[in-house]
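Below is one structure, written out as C-alpha cells; comments come after it.
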Amino acid sequence: MATARGPLRQRLVGLASVRAVSTSSLSTFPKQVKIVEVGPRDGLQNEKNIVPTAVKIRMIDMLSEAGLPVIEATSFVSPKWVPQMADHTEVLKGIQKFPGINYPVLTPNFKGYQAAVAAGAKEVSVFGAASELFTRKNINCSIDESFQQFSQVLQAARAASIPVRG
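In this note's numbering, the protein residues as written are 75 to 240.
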C-alpha cells in the first residue's frame, strides 16, 4: 500500500486536522436549518424584461410540486422602485397553495405589509442591511429608518399571529 509523501501528505494532514476541528465544532450548530427558496422574488426582481404573471405563477407552482417547503413568492414593494414585482397581488392570489408549503412574501415596510395581508399573505419577511448605501438604494431609507419600519411590521404581524422571517 502506497503512502502519501511531500506536499500531498501535508495537504492530507491539513484536511484531517480541519475535519477534526469542524467535527468538534458541529455541536454548536443547530440540529436543523430552514432553507427558503427566494428565486421567484429575489431571482426575478432585477430582470430587465418583465416576466409575465402567468409565468411567475407557473414557476412557483412547479417549485411547490418539487416539494420545496418554503417559497418566497413575491415582494410587496412599490412598482415604481421594482417594476418586476408590480403584480405581487395577482401572483400571490394566483398560485396553488400546496398543503405543508409556506409562501412568505417580502414586506420591507408597513404599507407593503398591509397590502400583503389584504392579498392573503399568511407569512411575511423583512430584511436589513449593514450598508447605508445599499439600504438607501434598496428600500429608500437609512438603516435606522429601516429598523423603525420593521418594528411596525413586527408589531402588526404579532398582533395578527402572522409569522415573520428576517
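Just so you know, even glycine gets a beta-carbon here, dropped at the ideal spot from N, CA and C.
For the alpha helix (DSSP H) containing residue i, name the first residue and the last one.
i: residue 212; result: 206-213
i: residue 106; result: Run containing residue 106: none; DSSP gives neither H nor E here.
i: residue 228; result: 217-233
Would you check if the distance between the CB atom of residue i and the CB atom of residue j is smaller than 8 Å?
i: residue 223; j: residue 172; result: no
i: residue 149; j: residue 119; result: yes
i: residue 227; j: residue 163; result: no
i: residue 206; j: residue 213; result: no
i: residue 158; j: residue 111; result: no
i: residue 114; j: residue 147; result: yes
i: residue 199; j: residue 174; result: no
i: residue 160; j: residue 191; result: no
i: residue 220; j: residue 202; result: yes
i: residue 130; j: residue 165; result: yes
Using the C-alpha atoms, what's the distance from residue j back to residue i?
i: residue 152; j: residue 101; result: 43 Å
i: residue 208; j: residue 170; result: 34 Å
i: residue 167; j: residue 143; result: 18 Å
i: residue 196; j: residue 154; result: 25 Å
i: residue 189; j: residue 231; result: 13 Å
i: residue 237; j: residue 128; result: 27 Å
i: residue 134; j: residue 103; result: 31 Å
i: residue 204; j: residue 229; result: 22 Å
i: residue 225; j: residue 116; result: 23 Å
i: residue 211; j: residue 186; result: 17 Å
i: residue 107; j: residue 123; result: 34 Å
i: residue 132; j: residue 215; result: 33 Å
i: residue 141; j: residue 105; result: 21 Å
What is the DSSP secondary structure of residue i, counted as helix, strand or coil?
i: residue 129; result: helix
i: residue 145; result: strand
i: residue 139; result: helix
i: residue 118; result: coil
Could you check if residue i belongs to the surroundings of the ligand GTP, using beta carbon to heavy atom distance under 7 Å?
i: residue 231; result: Looking for the ligand GTP in the displayed structure turns up nothing, as the structure carries no ligands at all.
Check your understanding: Where are the alpha helix (DSSP H) runs, 4 residues long or more, that stay fully inside the segment 149-199, in chain order?
Key -> 162-168, 184-192
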